[in-house]
Amino acid sequence: MELGHDDPRLAAIRLRRELLDSGAHSDQSLARAVQLGWLARPRRGAYVDGPLWRSLSPDQQYALRCRAAFRQAHTGVILSHVSALPFHDAPVWGFDLDDVHLTRVDGRSGRREAGIRRHCGQLMSGDVVELHDVDVMSALRATLEASLVGSVEASLVVVNHFLHRGEYDLPTLAARYEASMDRWPSSLTTDLVLRLADARHESVGETRMAYFFFARSLPKPIPQFEVYDGSTLVARLDFALPELGVWMEFDGRVKYERFLRTGESPADAVVREKRREETVAELTGWRCLRVTWDDLADPPRLERRVRDLIASVSRSRRAAG
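When we follow this note's numbering, the leftmost residue of the sequence shown carries the number 603, and every step to the right adds one.
Structure below.
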């Protein structure tokens, strides 16, 4: 999926040498423009509109730094690893965004310098694509590369994003990994990511919840569990533990904004969600646990809540005979 032409990650970048050669600026006027906030420097020697830069999220600023580094490179390079992800409109949650990752095309060994990590690696057909005038690793290869530099949880977010979007399927991803990358350093993380990957997870929050259950040795829930009233589908639950009488929903703000109906406010969506929860409880007799970003940031506390809820439902069932 390509970015829209007005996406801020594709904002104009002007290099110092271009601005000096055009006569539009001198080094003194550039320094003054940065000081006054008219321009901003995503990297040394690269400039963007100042107000725009300050309005961007860290993820969006990272994409601009990646594009600037690509344009400044003096040898043939490809944006790779986590640095390729923004241009496939993929999440970079949980990754270290301090460095731009570039893979050399000349086969020479990689090295590290200020703000840049250069890699070398064998390329196969289809590994490199051009997006928005930038050479980047394909979604398939970038996914595997990202798992070499990120945590299992962050890498799983990327895999599930692409799987759910239909960018590739799991057998294809596994085949590409086994073709040459299974012997790369840190590939043990990739092995686990491939085992945990699941296309049914629809968001960063849902993937993080699924990983939470795995990491805390909790019962494995069923994602996107469908609840029917007769033959009518009334709800699709983020996660369900049918035998234990519990279901979980990830409550992210984006979730309510994304599914707003025509003429509906966020408050209306919250009320509608509450009614949906009541309907599910009436049909199933189960109890619901809602999980937020703050909950995911405190796994031990969230684990206690989950285990306490499961135990509470179990006690209620025993008391009811």
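Every residue, glycine too, gets a C-beta built ideally from N, C-alpha and C.
Determine the burial state of residue i: buried for a count of at least 16 other Cβ atoms within 10 Å of its Cβ, exposed for fewer.
{"i": "E732", "result": "exposed"}
{"i": "W895", "result": "exposed"}
{"i": "R645", "result": "buried"}
{"i": "G728", "result": "exposed"}
{"i": "L638", "result": "exposed"}
{"i": "G923", "result": "exposed"}
{"i": "R797", "result": "exposed"}
{"i": "A883", "result": "exposed"}
{"i": "T834", "result": "exposed"}
{"i": "A716", "result": "exposed"}
{"i": "P653", "result": "exposed"}
{"i": "Q630", "result": "exposed"}
{"i": "A777", "result": "exposed"}
{"i": "T745", "result": "buried"}
{"i": "A665", "result": "buried"}
{"i": "Q724", "result": "exposed"}
{"i": "Y779", "result": "buried"}
{"i": "G752", "result": "buried"}
{"i": "A692", "result": "buried"}
{"i": "R714", "result": "exposed"}
{"i": "H607", "result": "exposed"}
{"i": "E926", "result": "The question about residue 926 has no answer, for the chain in this structure spans 603 to 923."}
{"i": "E880", "result": "exposed"}
{"i": "E828", "result": "exposed"}
Which of the three DSSP states, helix, strand or coil, is assigned to residue i?
{"i": "M739", "result": "strand"}
{"i": "A922", "result": "coil"}
{"i": "I615", "result": "coil"}
{"i": "D831", "result": "strand"}
{"i": "H766", "result": "helix"}
{"i": "F816", "result": "helix"}
{"i": "V760", "result": "helix"}
{"i": "W786", "result": "coil"}
{"i": "Q724", "result": "coil"}
{"i": "D623", "result": "helix"}
{"i": "L605", "result": "coil"}
{"i": "H803", "result": "coil"}
{"i": "R895", "result": "Strictly speaking, residue 895 in this sequence is Trp, with Arg absent from that position. Three-state DSSP puts W895 in a helix."}
{"i": "D708", "result": "coil"}
{"i": "Y858", "result": "Caution applies to Y858, whose pLDDT of 44 falls short of 50 and renders its modelled position unreliable; the value that the coordinates give is listed next. If DSSP states are grouped into helix, strand and coil, Y858 belongs with the helices."}
{"i": "A716", "result": "coil"}
{"i": "P825", "result": "strand"}
{"i": "L846", "result": "helix"}
{"i": "D840", "result": "strand"}
{"i": "S699", "result": "The sequence given here places Leu at residue 699; Ser does not occur at that position. Three-state result, L699: coil."}
According to the Cβ coordinates, are residue i and residue j closer than 9 Å?
{"i": "G647", "j": "L612", "result": "no"}
{"i": "S782", "j": "L750", "result": "no"}
{"i": "L772", "j": "A799", "result": "yes"}
{"i": "V893", "j": "E845", "result": "no"}
{"i": "P821", "j": "I912", "result": "yes"}
{"i": "R706", "j": "H721", "result": "yes"}
{"i": "P901", "j": "F814", "result": "yes"}
{"i": "L891", "j": "L898", "result": "no"}
{"i": "A670", "j": "L704", "result": "no"}
{"i": "L687", "j": "A748", "result": "yes"}
{"i": "D831", "j": "L765", "result": "no"}
{"i": "G847", "j": "R906", "result": "no"}
{"i": "V908", "j": "R818", "result": "yes"}
{"i": "R719", "j": "D708", "result": "no"}
{"i": "F697", "j": "V684", "result": "yes"}
{"i": "A614", "j": "D651", "result": "yes"}
{"i": "D889", "j": "W849", "result": "For clarity, residue 889 is Arg in the given sequence; the question names Asp instead. Cβ distance < 9 Å, so R889 and W849 count as in contact."}
{"i": "W640", "j": "V806", "result": "no"}
Say whether the stretch 782–801 touches the stretch 837–846, bearing in mind that this needs 3 or more beta-carbon pairs closer than 8 Å, one atom from each stretch.
no
Assess, as a yes-or-no matter, whether the stretch 673–688 is touched by the stretch 736–755 under the definition of 3 or more beta carbon pairs within less than 8 Å.
Because the criterion of three Cβ pairs below 8 Å is met, the stretch 736–755 and the stretch 673–688 touch.
Report yes or no: do the stretch 796–813 and the stretch 756–775 share at least 3 C-beta pairs separated by less than 8 Å?
Segments in contact, yes.
Validate contact between the stretch 622–634 and the stretch 657–666 using beta carbons, cut 8 Å, 3 pairs:
no
Every unbroken alpha helix (DSSP H) inside the stretch 639–695 [4 residues or more]:
652–657 and 660–674
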